[in-house]
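279 is the number that numbering that gives the first Met the number 0 gives to position 280 of the sequence shown; each next residue is one higher, with no gaps.
Heads up, the beta-carbon is just placed ideally off N, CA and C, and yes, glycines get one too.
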Amino acid sequence: MLPAGAGDVCAVVLAAGEGTRLRPLTERLPKALCPVGNVPLLDRALVRLAGLGLTGPRRVAVNACYLAGQVVEHVGDRAHLSVEPGDPLGTAGGVAHLRDWIAGRPVLVGNADAYLADPAATPGADIAALLADWDGREVRLLGQPAADPRAPGTFDGHTFTGFSLLPWPLVRDLPAGFGDLVHTVWRPAEAAGALSVVPYRGTFYDTGTPADYLAANLHAAGDEGLVDPSATVTGRCRGSVVGAGATVRGDVDRCVLWPGATVRADERLHEVIRAGDDLTVPAARAPGRI
Numbered sequence: 000m001l002p003a004g005a006g007d008v009c010a011v012v013l014a015a016g017e018g019t020r021l022r023p024l025t026e027r028l029p030k031a032l033c034p035v036g037n038v039p040l041l042d043r044a045l046v047r048l049a050g051l052g053l054t055g056p057r058r059v060a061v062n063a064c065y066l067a068g069q070v071v072e073h074v075g076d077r078a079h080l081s082v083e084p085g086d087p088l089g090t091a092g093g094v095a096h097l098r099d100w101i102a103g104r105p106v107l108v109g110n111a112d113a114y115l116a117d118p119a120a121t122p123g124a125d126i127a128a129l130l131a132d133w134d135g136r137e138v139r140l141l142g143q144p145a146a147d148p149r150a151p152g153t154f155d156g157h158t159f160t161g162f163s164l165l166p167w168p169l170v171r172d173l174p175a176g177f178g179d180l181v182h183t184v185w186r187p188a189e190a191a192g193a194l195s196v197v198p199y200r201g202t203f204y205d206t207g208t209p210a211d212y213l214a215a216n217l218h219a220a221g222d223e224g225l226v227d228p229s230a231t232v233t234g235r236c237r238g239s240v241v242g243a244g245a246t247v248r249g250d251v252d253r254c255v256l257w258p259g260a261t262v263r264a265d266e267r268l269h270e271v272i273r274a275g276d277d278l279t280v281p282a283a284r285a286p287g288r289i
């Protein structure tokens, strides 16, 4: 549940992006609906918010733009939906577009494509420190120590891991139209001494590339792999994620098979993502960020 001092926080899950680095997978599904461990990324974000006590269309909003119809259908009445016209508005523009819904509340903003997993805490409890004892004025980011603390894109020596907490006055003043939170909110707050980073102690992948998407899936599956009960496996399957209704007649090793995917008897797949029976995206596993 929400920590003391969190107040009437609402949450926004950003799910409008095109996922260009994951093409051609994202030509079939918006990135937010790509499955990790046989669970759509967006559902993982909603479960994490539910672990904080944030559920329903009054407390949670999801934005959509690219392949918006799929996102809208998938979310249903679980959250308030904000469909952006034209091109995606970016992270700041997406939040600004929800200003009337946010209506004076602080907002917890999460990237739908962030994969987070902490063996020591359940989803929600693993990010609760982000809201604990918050003064309602500073910007907070969830982060992990960076390999190079001085590298561009870091905040106080940390890389961003998918969730930020914004006070209402900064949301109220966001400009309409396209923009990103890094330049419109985070960096100005950092310069003013009004930004802090809360460490995330689990594993994080942003799933934006085939390599990281594969790595997140393999982490979710564990050493033994993960096979949906409705899948048919008559071939060899090692350390892989096999989705609902998929068929494996060949040999798969450290792969991700989307729901309904097919591997023929004459195929040998290693470290790839397979969608349907006609799309194979190669990906080498990226090192985890622990």
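Since I believe valine 138 is in contact with leucine 169 (beta carbons under 8 Å), could you give me their beta-carbon distance rounded to a whole number of angstroms?
7 Å
Pick helix, strand or coil for arginine 237, following the three-state DSSP scheme.
strand
Is the Cβ-Cβ distance between glutamate 72 and alanine 15 less than 9 Å?
no
For the beta strand (DSSP E) holding asparagine 110, just list the boundary residues, first then last.
106-110
Who are the Cβ neighbours of alanine 215 in its own chain at under 6 Å, not counting the five residues just before and after it?
Val35, Tyr114, Tyr204, Thr206
Return the chain-ordered ranges of every beta strand (DSSP E) run that is complete within the stretch 208-253 and spans a minimum of 3 residues.
235-237, 250-252
Identified DSSP bridge partners for asparagine 62:
Leu13, Ser81
Can you look up proline 187 in the DSSP assignment and give me helix, strand or coil?
helix
Using CA atoms only, rank isn't needed, just tell me which of Gly55, Gly18, Pro23 is closest to valine 11.
Gly55
Could you tell me the distance, in whole angstroms, from the CA atom of cysteine 33 to the CA atom of leucine 278?
As the crow flies, the alpha-carbon of cysteine 33 is around 14 Å from that of leucine 278.
Proximity test, isoleucine 101 beta-carbon vs the ligand SAH heavy atom, cut-off 8 Å
In the structure shown, the ligand SAH is absent, as is every other ligand, since no ligand is present at all.
Pull up the distance between the alpha-carbon of leucine 80 and that of arginine 20, whole angstroms please.
25 Å
Would you call arginine 200 buried or exposed, if buried means 16 or more other Cβ atoms sit within 10 Å of its Cβ?
exposed
Within the 9 Å Cβ cut-off, does valine 247 reach chain B?
Absence of chain B from the displayed structure is noted, only one protein chain being present.
At which residue ranges does the stretch 98-150 contain complete beta strand (DSSP E) runs of 3 or more residues, listed in the order of the chain?
Complete beta strand (DSSP E) runs here, min 3: 106-110, 114-116, 138-144.
Under a three-way DSSP split, which group does leucine 256 fall into?
strand
Distance check for tryptophan 167 and alanine 63, CA to CA, integer angstroms please.
22 Å
Chain-order list of residues whose beta-carbon lies under 7 Å from that of alanine 91 (same chain, five-residue window excluded):
Leu173, Gly178, Asp179, Leu180, Thr183, Val184
Sorted by chain position, which residues of the same chain lie with C-beta nearer than 7 Å to arginine 267's C-beta, five sequence neighbours on each side aside?
Gly249, Asp250
Comparing C-alpha positions only, which one of Gly176, Pro118, Val59, Arg47 sits nearest to glycine 93?
Gly176
When the Cα of leucine 51 is compared with those of Arg263, Gly85, Asp125, which residue comes out closest?
Here the closest residue by C-alpha is Asp125.
As assigned by DSSP and simplified to three states, the class of glycine 161
Correct three-state label for glycine 161: strand.
Return yes when the Cβ of alanine 230 is within less than 9 Å of the Cβ of glycine 221, no when it is not.
Not closer than 9 Å, so no.
Can you name the start and end residues of the alpha helix (DSSP H) that threonine 90 belongs to?
89-95
Please classify glycine 135 as buried or exposed, where buried requires at least 16 neighbouring CB atoms within 10 angstroms.
Taking all protein chains in view, the Cβ of glycine 135 is surrounded by fewer than 16 other Cβ atoms within 10 Å, so the residue is classified as exposed.
With 16 other CB atoms within 10 Å as the buried threshold, where does alanine 111 fall?
buried
For arginine 263, which option in Gly238, Ser239, Arg253, Thr233 has the closest C-alpha, if you only look at C-alpha atoms?
Thr233
Beta-carbon within less than 7 Å of aspartate 265's beta-carbon, same chain only, minus the 5 sequence neighbours each way: which residues are those?
Gly249
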